[in-house]
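Going by our numbering, the sequence shown wraps up at 326, each residue one higher than the last. Glycine included, every Cβ here is placed at the ideal spot set by N, Cα and C. Computed from a predicted structure; not experimentally measured. Presented below is the structure to which this report refers.
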Amino acid sequence: MSKLPTLHSPLLSALPGVKHAFFTRQGGASRGVYDSLNIGRGSKDEPTDVEENRRRVADWFGLMPDALNTCYQIHSAKAVAAEAPWGAYRPQADGVVTNWPSIACGALAADCAPVLLADAEARVVGACHAGWQGALGGIVAGTVEQMARLGANPARIVAAVGPCIGQASYEVGLEFLERFEGERPGSAKFFAPGQAVDKRQFDLPGFVLERLAEAGVAQAEWVGRDTCAEPDWFFSNRRAFKQGEPDYGRLVSAIMLT
């Protein structure tokens, strides 16, 4: 198996028959702004390097590369079930769940929140990509619902939010706050004052954790790592934009049944 730097959730690590990892940007084959473990097929990176990186991630799980199932992410509330390795197939969705062993459910991110979920008793796992649009639109509930269709009980599901942009790094305008309050009254608690009167700091991981609780998930945590603030460890869309970089890599987080 590949020895890649990985982060782990204590909650998920305690579950029998479940293997998971939040991968960093380290340990890959890509170069330049994609240095080095870029998993994004939608990036402008060399396709051969991306596929080599995906192979290394799959190998970490002891799987063939075609068993790392990730979606063509569209910031939606749609989650899909996988019954076999997808290979190059990428359904347009933002969550993938399975009750089949030896399939890794993966979510890509570069500031958005990756969420890994598992009901070890029912042997159902899932992963979803929760940016602010998806989190607001219902991707967390959509993923939990898909898991429930496979036999999972939301009350038994354990979840972890992976590395994502932290509140101190996530400055937004007042229109952002107004949209959240308009669609989900009470969301103002996730917006701290910014450095200017017309700015706020948004707590994405905190918001995602609340959406997990609303979906019936009783045990959930954030791993506590800010992608925008740690350039040696993580890719970041916002940091790349601020630095005038032409593109950015994508991190992957994944989970499987053993």
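query = Is any heavy atom in the ligand GTP found nearer than 7 Å to the beta carbon of P78?
reply = You won't find the ligand GTP in this model; it holds no ligand whatsoever.
ask   = So what's M69 in DSSP terms, helix, strand or just coil?
value = Taking the first residue of the sequence shown as 1, we reach residue 69 at position 1. Note on M69: pLDDT 49, under 50, position unreliable in the model; the coordinate value appears next. Coil, per DSSP.
query = Three or more beta-carbon pairs under 8 Å between the region 172-183 and the region 193-202, yes or no?
reply = yes
task = Quick one: grab the DSSP three-state call for D117.
result = Counted from its first residue, the sequence shown places residue 117 at position 49. The answer is helix: DSSP assigns D117 an H, G or I state.
query = T211 and V285: beta carbons closer than 8 Å?
reply = Taking the first residue of the sequence shown as position 1, residue 211 is located at position 143. Taking the first residue of the sequence shown as position 1, residue 285 is located at position 217. The answer is no: Cβ separation not under 8 Å.
S144 in three-state terms, based on DSSP = Here the question's residue 144 lines up with position 76 in the sequence shown. Three-state result, S144: coil.
task = Give the DSSP-derived three-state secondary structure of N305 in the structure shown.
result = Here residue 305 refers to the residue found at position 237 of the sequence shown. Looking at N305 - three-state DSSP - the assignment turns out to be helix.
request  = Give a yes or no on whether the C-beta atoms belonging to D315 and K112 are separated by under 8 Å.
outcome  = Indexing the sequence shown from 1 puts residue 315 at position 247. Indexing the sequence shown from 1 puts residue 112 at position 44. It is a contact, given that the beta carbons lie within the stated cut-off.
key: Chain-order list of residues whose beta-carbon lies under 6 Å from that of Q287 (same chain, five-residue window excluded)   = To locate residue 287, count along the sequence shown from 1; it is residue 219. Counting only Cβ-Cβ distances below 6 Å, and skipping sequence neighbours, we find L79 and V226.
ask   = For the beta strand (DSSP E) that P261 lies in, which residues bound it at each end?
value = To locate residue 261, count along the sequence shown from 1; it is residue 193. That run of the beta strand (DSSP E) goes F259 to P261.
query = Apart from the five residues just before and just after P133, which ones in its own chain have a Cβ nearer than 6 Å to its Cβ?
reply = On the sequence shown, position 65 is the one that residue 133 refers to. Same-chain partners within the cutoff: R122, R123 and A126.
ask   = Thinking C-beta only, is P231 closer than 8 Å to L136?
value = For the purposes of this step, residue 136 is identified with residue 68 of the sequence shown, where counting begins at 1. For the purposes of this step, residue 231 is identified with residue 163 of the sequence shown, where counting begins at 1. Contact: no.
ask   = Quick one: what's Q269 bridged to in DSSP?
value = The residue you call residue 269 lines up with position 201 of the sequence shown. E239 and A260, per the DSSP bridge assignment.
task = Following the continuous alpha helix (DSSP H) through V212, name the residue where it begins and the one where it ends.
result = Within the sequence shown, the letter at position 144 stands for residue 212. Residues I207 to R217.
key: CB contact below 8 Å: K257 versus chain D   = Any reference to chain D falls outside this structure, which holds one protein chain only.
inquiry  = For L325, report the span of its beta strand (DSSP E) as first-last.
reply    = By 1-based counting over the sequence shown, the position of residue 325 is 257. Residues L319 to L325.
query = From M69 to D117, what does the alpha carbon distance come to, in whole angstroms?
reply = Within the sequence shown, the letter at position 1 stands for residue 69. Within the sequence shown, the letter at position 49 stands for residue 117. For M69, the pLDDT reaches just 49, beneath the cut-off of 50, and the residue's location in the model is therefore unreliable, although a value from the coordinates is still provided. Cα to Cα, the separation comes out at about 18 Å.
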